[in-house]
Amino acid sequence: MARYGMAFDLRRCIGCNACVIGCKQENSLPDGVFFTRTLSEEYGVFPAVNRVYIPTLCNHCEDAPCEKVCPSGATYTRDDGIVMVDNDKCIGCNSCAVACPYDQRSVMSKELFDDGLFGEGELTPFEEQGYGRFTPGTVTKCDFCSERVDAGLDPACVVTCPTDARIFGDLDDPHSEVSTLIRERGGRPPLPEKNTKPKVYYVT
Amino acid sequence: MATDQPAIVGDSFALGYRFQRYWNTSMASAFFFGELGAGLFIVSMFYGVVPGMIGGLVATGILKAYFHLAHMGVPANSWRAMMRPDRAWISRGIIAIAVFVVFGVAYLLLQTGAIFDLDFDAFGGAGGTLPQTVKTIAVLAALGVLLYHGFLISHSSAISLWSTGLMPVVSIVYSLLGGAALTAVLGWSAMAGEVPDGMPSLHALALILLVGLAVVLFSLMYAALNGSPGARVSMNLLLKGPFASVFVPLVVGVGLVLPLVLLLWAPATYMTSLIVAVAVLVGYFAFRVFIFKAGVYDPIMSFAPH
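Which chain is which? The protein sequence lines are F and A, in order. When the letters of the first sequence are read in order and numbered with the numbering used here, they come out as residues 1 to 204. When the letters of the second sequence are read in order and numbered with the numbering used here, they come out as residues 1001 to 1306.
What follows is the structure, encoded as structure tokens:
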């Protein structure tokens, strides 16, 4: 069984946020909800100023704190390592959102679905076809586009990225592109001191 | 201007500290009433103050439950909250609350003989097996209620300010202090004498707990200011930043210094007990609210030289 993970090549990321838009389209996310974000960091003093772009998303941790704190069992890990949320079991207590060190959870508040994208109380056809997958009041997150992965495809953000800065694959396969990249370029996980064992790595 | 220190960035697509925004005032209220109710019940039980025991059960069983349900996104699914006692502190807490309310009410009914005149005497007196068993379970469950909040908040490493072993200690000290302060007010009419007999020991208990609270709060502040960057950012928000104008006066001034001064130097009157109780509860509630407000997530990484 594969153990899916992702690597970000920060030399390639140009901060275009196409991945963010691709993800929103693929998952029909309401206004203000993001399963992935590309953060930027500026540092230095003029004229020696630098900016780096840092894509973020759920890290599908091996030791997921969101799964440990979930009182209803809504958050669970598949055999392939993808951390999922069962909307039918979620009670909306937000404990997972508080417990995630990476702040990668999204609260699907009822107002998001009542107001619609244009805030006029009417949903567009796009929203109507997409919002049915969510339960208002629950907390959800990136699931590595699990339906696409099950169909043998890469997540939408990976496919959308114009510079191939996102690499997805089986971390247990030493010959996979993601494993090779992490090994050869010294991939590092975010906030390793939190002991969550994330399956997302950054290479520089 | 580019800076080398991560800032608090809110929801923007910038790297930096982000406020915890999922647990708000309703959740803080649930924590407050849950802990206070358990502490009030325990102290009132040992001083034989029935109104205090009733107040404790109402605070935990009704008020805490109300604020939790108000906070929950899917209240209809709330029964699922007790499904994971093997790993989730929320599940353990729900079970502790249920046991506390059931056995607390049972003990009250036994003490007052409210149902079919079945009081302690019907079961061998207050020291009888059944009353003692019910009492023990109620107290243990109440301890579970007031402790689980601290373990819940400290369990995850996400919010550095909260991730400390001092959180359960804060919970136990604040809840027993609130319980002692409120028992002194509610018990005034229940005890005999101008200054009720139990009042000096209650005031002494409150004084000891206030000193303990001062030590715990100072330890929390010291550990945060000298600990991880995230905890330092949070504590600076509370002590020097935008929350300082409310946190310091309410939590330290009203909630700690004022009751200490009154208990040490003011005459032991009902009014003194009332002011002490109000001051303690104001400080306690303010602590709960602002500890939630000041929680921040660490930046996931940084490439800036530090």
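Even glycine gets a Cβ: it sits at the ideal position worked out from N, Cα and C.
Using 9 Å as the limit for Cβ to Cβ distance, is A:A1002 near chain F? The predicted position of A:A1002 is uncertain, since its pLDDT is 45 and thus under 50; a value taken from the coordinates is nonetheless stated next. Answer yes: the Cβ-Cβ gap between A:A1002 and chain F drops below 9 Å somewhere.
So what does DSSP say about A:F1019, is it helix, strand or coil? Strand, per DSSP.
Can at least three beta-carbon pairs, one atom from the segment 1175–1190 of chain A and one from the segment 1235–1249 of chain A, be found at a separation below 8 Å? Touching, no.
Residue ranges of each alpha helix (DSSP H) within the segment 1160–1224 of chain A, 4 or longer: If one requires a minimum length of 4 residues, the alpha helix (DSSP H) runs lying completely within the segment 1160–1224 of chain A are 1166–1186, in chain order.
Start and end residues, alpha helix (DSSP H) containing F:S176: Element bounds for F:S176: n/a, residue is neither H nor E.
For F:E42, the residue or residues it bridges with in DSSP: Bridge partners of F:E42: F:R51.
Under the three-state reduction of DSSP, which class applies to F:S106: helix, strand or coil? Looking at F:S106 - three-state DSSP - the assignment turns out to be strand.
Does the CB of A:G1178 have a neighbour CB from chain F at under 9 Å? Answer no: the Cβ-Cβ gap between A:G1178 and chain F never drops below 9 Å.
What does a CB cutoff of less than 8 Å around A:F1067 pick up in its chain, not counting 5 residues either side in sequence? If you ignore the 5 residues before and after A:F1067, its C-beta comes within less than 8 Å of the C-beta of S1026, M1027, S1029, A1030 and F1033, all in its own chain and listed in chain order.
Taking A:F1151 as part of the alpha helix (DSSP H), name the residues at either end of that continuous run. DSSP places A:F1151 in the uninterrupted alpha helix (DSSP H) bounded by T1129 to H1155.
Closer than 7 Å by beta-carbon distance: list the chain A residues that pair up with F:T38, in chain order. Under a criterion of Cβ atoms nearer than 7 Å, the residues of chain A adjacent to F:T38 are, in order, F1013.
Reduced DSSP category for A:A1002 - H, G, I as helix; E, B as strand; rest coil: With a pLDDT of only 45 at A:A1002, under the threshold of 50, the placement of this residue in the model should not be trusted, and no figure is reported.
Local conformation of A:Y1284 per DSSP, three classes: In this structure, A:Y1284 counts as helix in the three-state DSSP scheme.
DSSP state of A:A1065, grouped into three classes? Assignment of A:A1065 by DSSP, reduced to helix, strand and coil, places it in the helix class.
Please go through the same chain and pick out, in chain order, the residues whose beta-carbon is closer than 6 Å to the beta-carbon of F:V85, but skip the five residues on each side of it. Correct list, in chain order: A74, T75 and T140.
Just the C-alpha distance for F:E26 and F:R183, rounded to the nearest angstrom, thanks. Counting only the Cα atoms, F:R183 lies some 30 Å from F:E26.
Are A:A1277 and A:A1142 closer than 9 Å when you measure CB to CB? No, they are not a contact pair.
If you reduce the DSSP assignment to three classes, tell me which class F:G121 lands in. Shown here, F:G121 sits in coil according to DSSP, grouped into three states, outside any helix or strand.
Check F:D9 in the structure and name its three-state DSSP category. When DSSP states are grouped into helix, strand and coil, F:D9 belongs to the strand group.
Given 8 Å, three or more beta-carbon pairs between the segment 1289–1301 of chain A and the segment 1218–1236 of chain A: Yes, they touch.
Residue burial classification, F:K197 (beta-carbon count within 10 angstroms, cutoff 16): Classification of F:K197: exposed, given that the 10 Å Cβ count is below 16.
Give me the Cα-Cα distance between F:V149 and A:F1285, rounded to the nearest whole angstrom. Our two residues, F:V149 and A:F1285, have alpha carbons roughly 47 Å apart in a direct line.
Express the C-alpha separation of F:C93 and A:R1087 in angstroms, rounding to a whole number. If you take the alpha carbons of A:R1087 and F:C93, they lie about 16 Å apart.
Run through DSSP, which three-state label would F:D170 get? Here F:D170 sits in strand by DSSP.
Only counting the same chain, and skipping five residues up and downstream in sequence, which positions put a Cβ closer than 6 Å to that of F:C66? Contacts found: T75, C96, A99 and C100.
Can you list the residues of chain A that F:N195 reaches, using a CB-CB cut of under 9 Å? Those are S1157, listed as they occur along chain A.
Beta strand (DSSP E) segment containing F:M84, residue limits: Taken as a continuous stretch (DSSP letters only), the beta strand (DSSP E) holding F:M84 covers V83 to V85.
For A:P1229, would you say it is in contact with chain C, using Cβ-to-Cβ distances shorter than 9 Å as the test? Of the protein chains in the structure, F and A, none is chain C.
Please report the straight-line C-alpha distance between F:E62 and A:L1213, rounded to a whole angstrom. C-alpha of F:E62 to C-alpha of A:L1213: approximately 38 Å in a straight line.
Evaluate A:R1084 with the Cβ neighbour count: other Cβ atoms within 10 Å of its Cβ, from every protein chain shown; 16 or more gives buried, anything less gives exposed. A:R1084 should be labelled buried.
Output the distance between the C-alpha atoms of A:L1220 and A:Y1174, rounded to the nearest integer angstrom. Taking the straight line joining both Cα atoms gives about 14 Å.
Hey, out of F:G130, F:T36 and F:N50, whose CA is closest to F:A156's CA? It is F:T36 whose Cα lies nearest to the Cα of F:A156.
If you draw a straight line from the alpha carbon of A:G1227 to that of F:S40, how long is it in whole angstroms? Between the alpha carbons of A:G1227 and F:S40 lies a distance of about 26 Å.
Close beta carbons around A:I1095, own chain, < 7 Å, minus the five adjacent residues each side: When the five nearest sequence neighbours on each side are left out, the beta carbons in the same chain lying within less than 7 Å of the beta carbon of A:I1095 are those of M1082 and P1085, in order along the chain.
Collapsed DSSP secondary structure at F:T138 in the structure displayed: Note: F:T138 maps to coil in three-state DSSP.
Residues of chain F with CB under 9 Å from A:G1073, in chain order? Correct list: C90, I91, G92, C93, N94, V107, M108, S109, K110, T135, P136, G137, T138 and V139.
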